[in-house]
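In this note's numbering, the protein residues as written are 1344 to 1693. The beta carbon of each residue, even a glycine, is placed where N, CA and C say it ideally should be.
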C-alpha cells in the first residue's frame, strides 16, 4: 500500500516546503518594566531557522512538548502569522506573496472545544462556513451531505452542537476543515480532548479516509508520542524552537542507536567464568546477567555495538552454550524524545 502511494505522487512537487523559518514574539512585561522601560523590547524566539519538506499524500508529524513551536509553524503555514525571516511554500504558493491561494489550498483543524457555534446545528455550522468560503449553494449542499455521511454525523446533523459529545464536535471540526476541498490539512492536536477509544477511531479515519481515500496531505501536530508513532509516516521532533531530528520512526531510532542494548537468552545456565569473559569483551559495566525462568537458562543484557555483541554471542557458542534467543533492543521513541527535549522549558506556550 505504501509503495503504491509513493508511486502515485512520485512526479509531483512537495506539498509543503519550509525554508529557514524564524519567528520571535515580544516578551510580556510587568507594570514596573512598562513604566521604567516603555520602549525596550525583549523577544522570545519561538522557532529558529526551521527547514523541512512534506511530501504529497503523507502524514507528517510535528512532535514536541508544549511551547516547542509547533503551533507557531502551523500558524505561519496557514498565513495567520508572518515569519520574521524565511519562506514557506504551500501547494506551490508562497505563504506571504500568495496568501489567498494558500488559504484555498488548506484546511486547519484545532483541538479546541469551541471550534463551532454551539447554538447552531452541525449542518448549520457547515452551511455558514460554506458561505464564508464562497462555495456555490448546490456544491456546498452536496459536499456537506458527503462529509456528514463520511464522518457518521448524518443522524446528529440537525441537533445543536452544544448537545454533541467531544468526539462529535471534533468530527465536525474536521468536516469544516475538509469542506472547501483543500489539498492539505493541518491538524493541531486534534485528539487533545478525546478519550483513548475516540482518539484511536479518529486517527484511523484520518489515515484511511482523509489520506488513503481522499488523497490529502496531513500535517499532524502532537505532543503524544504513541499517537505520533501510530499515525505519522515521517515526523520532526521539535524542542526549544529547533528541529532536533527528522525522518520516519525507523530512521530516527537508528540514528540514535550507536550504543544499543542486546538481550541474549540461553537454554542452559551460563557459568560465572563465561560471563567474566563476556565482560572482558564488552566492558564490565555493560553486562547484566540473571536467571531466566522462561528459558530455564540465563538472560544476558549487553549495552554495546553490533560488533561486540557478535563477539559475545560467539563466546557463548564456543563454550557450548545453547542460545534460546538473541534480540536487539532499539531505544524507544520516548527515550529519544526525552533526550532531545530534556532542557526545553514548556512553561512558555508558543
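Beta-bridge partners of residue 1480 (DSSP): none assigned. Of all alpha-carbon atoms in 1575, 1530, 1660, the one lying nearest the alpha-carbon of residue 1594 is that of 1575. In the DSSP assignment, residue 1530 is bridged to 1452, 1563.
Within the same chain, and ignoring the five residues on either side of residue 1422 in sequence, the residues whose Cβ sits closer than 7 Å to its Cβ are 1438, 1442, 1445, 1446. Bounds of the alpha helix (DSSP H) holding residue 1597 are 1592-1598.
Between the alpha carbons of residue 1371 and residue 1500 lies a distance of about 43 Å.
Looking only at 1643, 1509, 1532, 1564, the smallest Cα-Cα distance to residue 1461 is reached by 1509. The way I'd put it, the segment 1603-1620 does touch the segment 1667-1683; three or more beta-carbon pairs between them come closer than 8 Å. Its chain contains 1546 as the residues whose beta carbon lies nearer than 7 Å to that of residue 1573, once the 5 sequence neighbours on both sides are disregarded; these appear in chain order. Measuring C-alpha to C-alpha distances from residue 1449 to each of 1561, 1555, 1645 identifies 1561 as the nearest. Looking from the CA of residue 1684, the closest CA among 1363, 1471, 1568, 1587 belongs to 1587. Contact annotation: the segment 1621-1632 touches the segment 1647-1660, with at least three C-beta pairs closer than 8 Å. Residue 1355 and residue 1469 have their C-alpha atoms roughly 31 Å apart. Inter-residue distance for residue 1599 and residue 1407 is about 17 Å (C-alpha atoms, whole angstroms). Within the same chain, no Cβ atom closer than 6 Å to the Cβ of residue 1544 is found once the five residues on either side in sequence are excluded. Excluding its 5 nearest sequence neighbours in each direction, residue 1369 has C-beta neighbours in its own chain below 8 Å: 1384, 1385, 1386, 1387, listed in chain order. Checking the DSSP bridge columns, you'll see residue 1585 partnered with 1582.
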